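Residue numbers (my numbering), protein chains in the order written: chain A, 1 to 204; chain B, 205 to 408. Even for Gly, the Cβ is constructed at its ideal location relative to N, Cα and C. These figures come from a predicted structure and were not determined experimentally.
Number of protein chains: 2
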Amino acid sequence: MTTINSETEQKILRAAMQIFSIEGFKGARMQEIADKAGINKALLHYYYRNKETLYKASFDTLTFKIFTQVNLTLHKDTPLFTKIENIVAAYIDLIVETPEVPQFILNGIINNQDELIKNMQELPLDIKPFMQQIQNEILKGNIKPIHPAELLINILSLSIFPFAARPVITNVVGKNIEFNFDEFIKSRKKTIPEFIINAIKVEK
Amino acid sequence: MTTINSETEQKILRAAMQIFSIEGFKGARMQEIADKAGINKALLHYYYRNKETLYKASFDTLTFKIFTQVNLTLHKDTPLFTKIENIVAAYIDLIVETPEVPQFILNGIINNQDELIKNMQELPLDIKPFMQQIQNEILKGNIKPIHPAELLINILSLSIFPFAARPVITNVVGKNIEFNFDEFIKSRKKTIPEFIINAIKVEK
DNA sequence: GTCTATATTGTGATAGAC
DNA sequence: GTCTATCACAATATAGAC
């Protein structure tokens, strides 16, 4: 993690996070970041040697909170169904709070993939205990057989995709019916876990 | 839709679709497209006035096929559960066949949003009949109550997200367990519909 | 239609004054 | 620490010969 000292450094970082999220690494212009931070281009290079350093600092700051929070939820010792509710809620809350994150990550996937992967590998994300928990519930006959990785990917897909696809969804769905995205997202904290639990639970 | 005449024009367009998908609009270099097409930079400008024209032509060509196919599946008169299987299969097949599409669309969402929306509004996508079909099944008590738009978004999320997030998934999941993405995707044509149908079906 | 050469502009980065 | 001025090069676009 990067430690921030001065006021100016913070203004730069805040501006950088916004611009990189919207424009991606290649699309972002140092001039634009400087403008948004209300300072001069040369000052960017004073605080951050070059564009890459600034990008890395933005990535760290944006992802640190969300990943530690999700990691925490994954490791906590709670029953599976409760944990699924918690994971979904954590994702949705954090993304609503910092909506740049999914865009930033997607942008990274698209035009800065190697750098992104390198950065992600440094994150302390350990999904093994959660996978083990799923496996145990299957063995005990409490849920239907499913590959633990697949269940995790389904949880992520349902939680994150709508944010990434927001403009397309509001456009395509909104063209056909009355649709309020913010209300939709709010309701999802309840409907996603319901959907998932219905899909995997065993009727007794 | 753009009409293509000469052989060279096709080579350019094919190259452009690939480069734009990987690099995004701003990241793509005209030189790179020319190289991949095996021709000269100046010739790009002969066929397509500028970068934007070339981008638009790439978008049209890439999205036309996938959207008409999905639209067709949505409108066909098949039972709901079969239709869900068909939609998922159509998406996965088309994306496997043209893996540039999700990246291209995401790129558009991210750094060319207004243009993308304008382009999408021209597509002949009509989801009303499918939504009506879901509503009818709910009324007949065949499936659990769910907002039709939400069900559609869940189908899209589960089908598309893994492609967009592929690098992150292979990295994060692969770091923890043995994981083969191609096999995973192949199996999803079966597991996604199962998951969805389990989530919404009413036990009788 | 296709090329080489070049004009023109954009953009990351540095030097050096204050 | 912050600025102005400028360098160096990369990238889009055009002119003009063949």
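Helix or strand or just coil, what does DSSP make of lysine 11 of chain A? Taking the first sequence and counting its residues from 1, the one referred to as residue 11 of chain A is at position 11. Here DSSP, grouped into helix, strand and coil, assigns lysine 11 of chain A to helix.
Contact set for asparagine 107 of chain A: own chain, Cβ-Cβ below 6 Å, skip 5 residues either direction: Mapped onto the first sequence, residue 107 of chain A falls at position 107. Cβ within range, chain order: Gly24.
I want to see whether chain B comes within less than 8 Å of phenylalanine 81 of chain A, judged by CB atoms only; does it? Here residue 81 of chain A is taken as the residue at index 81 of the first sequence, counted from 1. Interface annotation, phenylalanine 81 of chain A: not in contact with chain B, CB-CB separation never under 8 Å.
Would you mind giving the Cβ-Cβ distance between valine 274 of chain B and isoleucine 291 of chain B, rounded to the nearest angstrom? I have them listed as a contact below 8 Å. Within the second sequence, the letter at position 70 stands for residue 274 of chain B. Within the second sequence, the letter at position 87 stands for residue 291 of chain B. The pair is a contact, with the Cβ atoms about 7 Å apart (cut-off 8 Å).
Counting only beta-carbon separations shorter than 8 Å, does glutamate 227 of chain B have a partner in chain A? What you label residue 227 of chain B is simply residue 23 of the second sequence in a count that begins at 1. Residue-level contact check: glutamate 227 of chain B touches chain A, since one or more beta carbons of chain A fall below 8 Å from its beta carbon.
Have a look at lysine 287 of chain B and lysine 245 of chain B and give me their C-alpha separation to the nearest angstrom. The residue given as residue 287 of chain B occupies position 83 in the second sequence. The residue given as residue 245 of chain B occupies position 41 in the second sequence. Near 46 Å, if we compare the C-alpha coordinates of lysine 245 of chain B and lysine 287 of chain B.
Just to confirm the assignment: which complete alpha helix (DSSP H) runs, minimum length 4, are found wholly within the segment 152-182 of chain A? Fully enclosed alpha helix (DSSP H) runs of 4 or longer: 166-176.
Along the alpha helix (DSSP H) that carries isoleucine 87 of chain A, what are the first and last residues, could you check? Counting from one through the first sequence, the residue named residue 87 of chain A turns up at place 87. Note, isoleucine 87 of chain A: alpha helix (DSSP H), 80-97.
If you run the structure through DSSP and keep just helix, strand and coil, what is lysine 118 of chain A? The count along the first sequence starts at 1 and reaches residue 118 of chain A at position 118. In the structure shown, the three-state DSSP call for lysine 118 of chain A is helix.
Under 9 Å Cβ-Cβ, which residues of chain A neighbour alanine 293 of chain B? Taking the first residue of the second sequence as position 1, residue 293 of chain B is located at position 89. Here the premise fails: no neighbours, minimum Cβ distance about 17 Å.
Indicate the three-state DSSP secondary structure (helix, strand or coil) for isoleucine 347 of chain B in the structure shown. For the purposes of this step, residue 347 of chain B is taken as the residue at position 143 of the second sequence. Strand, per DSSP.
Please state whether DSSP places lysine 204 of chain A in a helix, a strand or coil. Working through the first sequence from its first residue, we reach residue 204 of chain A at position 204. Of the three classes helix, strand and coil, the one that applies to lysine 204 of chain A here is coil, per DSSP.
State the Cα-Cα distance for the pair glutamine 132 of chain A and phenylalanine 268 of chain B, rounded to the nearest angstrom. Locating residue 132 of chain A in the first sequence gives position 132, counting from the first residue. Locating residue 268 of chain B in the second sequence gives position 64, counting from the first residue. If you take the alpha carbons of glutamine 132 of chain A and phenylalanine 268 of chain B, they lie about 43 Å apart.
Alpha carbon to alpha carbon, what distance is there between methionine 324 of chain B and proline 79 of chain A? Mapped onto the first sequence, residue 79 of chain A falls at position 79. Mapped onto the second sequence, residue 324 of chain B falls at position 120. CA-CA distance, proline 79 of chain A to methionine 324 of chain B, rounds to 43 Å.
Do we get a CB-CB distance below 8 Å when we pair isoleucine 84 of chain A with the residues of chain B? Position 84 of the first sequence, counted from the start, is the residue given in the question as residue 84 of chain A. No, no contact with chain B.
Flag aspartate 330 of chain B as yes if its beta-carbon sits less than 8 Å from any beta-carbon of chain A, otherwise no. Position 126 of the second sequence, counted from the first residue, corresponds to residue 330 of chain B. Using beta-carbon distances, aspartate 330 of chain B counts as an interface residue toward chain A, with a partner under 8 Å.
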